[in-house]
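Q: Here the sequence shown stands for residues 158 to 369, numbered as in the working numbering.
Yeah, the Cβ is synthetic: ideal placement off N, Cα and C, and Gly gets one too.
Predicted, not measured: the structure shown is a model, and the values here were computed from it.
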Amino acid sequence: MDVTPPVARFDQAYRDGDPPWVIGGPQPAVVALARDGAFRGTVLDLGCGTGEHTIHLARLGYDVLGADGSGAAVERARERAAAAGVAARFTVADALDPAGLDPVDTVLDSALFHVFDAADQARYARALAGIVRPGGAVHVLALARTGAAAEFGPVIDAAAIEAAFAGPGWTVEEITAASYRGVVTTELADAYGEPAGTRVEVPAHLARIRRS
């Protein structure tokens, strides 16, 4: 991103309905992480949106907190959890200044990192260093740059993750190719050759970063 979008833009997107990243359930890549035991100890779902991942992890018995800078998103997440009968916890928090949150062992970042500009990506990594316990991990699922004329959303190169977490206290252990499921918007229908509302899989990066 050239400039990090304001929280108000996300608030409006959630008030207007379901943004294209809301698919009614968790991302398959996150389901796979949970299946493979990637989440340990206390978990923070940062940028939780409408709460699909927090709800999924809570159902599995994880001690998880969903946090988002958008109050509208958190309100919808709480409603969704209540409707699902899941006792999931949510709070409004600034991902760039999460000092008020308790320390955690694992952070899930699904489609948050890529909305920040380069300066805020580095600031985000520094902020996480203050709440992730030594030995803990951050899992980042972010849209990958493809060079297509129309991208699904904010996109990054893998190098952006490496650069942001290059500071002391972090080790980027792995960045692999993954996919991200989203909903085609009216604006992207022609580019994808699919009608608006169609679910598609788009290229993504899946990173595991370790706190030392």
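Rounded C-beta distance between A346 and A353? I'm assuming under 8 Å.
A: Contact holds; Cβ gap of about 5 Å.
Q: CA-CA distance, G228 and V249?
A: Looking at the two C-alpha atoms, the distance is approximately 6 Å.
Q: From the DSSP output, in three-state form, read off V179 for me.
A: Coil.
Q: Just checking, does the segment 303-319 make contact with the segment 210-217 on the three C-beta pairs under 8 Å criterion?
A: No, the segment 303-319 is not in contact with the segment 210-217.
Q: So the candidates are L265, L269, V272; which of them puts its Cα closest to the Cα of A189?
A: Ranking L265, L269, V272 by Cα distance to A189 puts L265 first.
Q: What does a CB cutoff of less than 6 Å around H362 pick up in its chain, not counting 5 residues either side in sequence?
A: Excluding positions up to five away in sequence, the list reads A299, A301, A315, I332.
Q: Less than 6 Å between C-beta atoms, sequence neighbours within five positions excluded: which residues of the same chain meet that for R237?
A: Excluding positions up to five away in sequence, the list reads T207, G208.
Q: Starting from V261 and walking both ways along the beta strand (DSSP E), at which residues does that stretch end?
A: Unbroken beta strand (DSSP E) run through V261: 261-267.
Q: What first and last residue would you give for the beta strand (DSSP E) that runs through L190?
A: Per DSSP, L190 belongs to no beta strand (DSSP E); it is in the alpha helix (DSSP H), 185-192.
Q: On the three-pair Cβ rule with 8 Å, is the segment 266-276 touching the segment 289-297?
A: At 8 Å Cβ cutoff, the stretches touch.
Q: What are the uninterrupted segments assigned as beta strand (DSSP E) that are 3 or more residues long and contained completely in the segment 224-282, given in chain order?
A: Listed in chain order, they are 246-249, 261-267.
Q: Work out the CA separation of V261 and R246 for me, nearest whole Å.
A: R246 and V261: Cα-Cα distance of roughly 14 Å.
Q: Just the C-alpha distance for A224 and A230, rounded to the nearest angstrom, thanks.
A: Spanning the two alpha carbons is a distance of roughly 9 Å.
Q: Specify the secondary structure class of I288 as computed by DSSP and reduced to three states.
A: I288: coil per DSSP, three-state reduction.
Q: Please report whether the beta-carbon of Y219 lies at a distance below 8 Å from any beta-carbon of chain B.
A: The structure shown contains no chain B; it is built from a single protein chain.
Q: Along the chain, where does the beta strand (DSSP E) that runs through T303 open and close?
A: No beta strand (DSSP E) holds T303; DSSP gives it neither H nor E.
Q: Which whole-angstrom value is the C-beta distance of P177 and T342, which I expect to be below 8 Å?
A: Correct: roughly 5 Å between the Cβ atoms.
Q: Sorted by chain position, which residues of the same chain lie with C-beta nearer than 8 Å to A320's C-beta, five sequence neighbours on each side aside?
A: The residues are A275, Q278, A279.
Q: If you follow the alpha helix (DSSP H) that T211 is in, where does it begin and where does it stop?
A: It spans 209-216 - the alpha helix (DSSP H) in which T211 sits, taken as one unbroken run.
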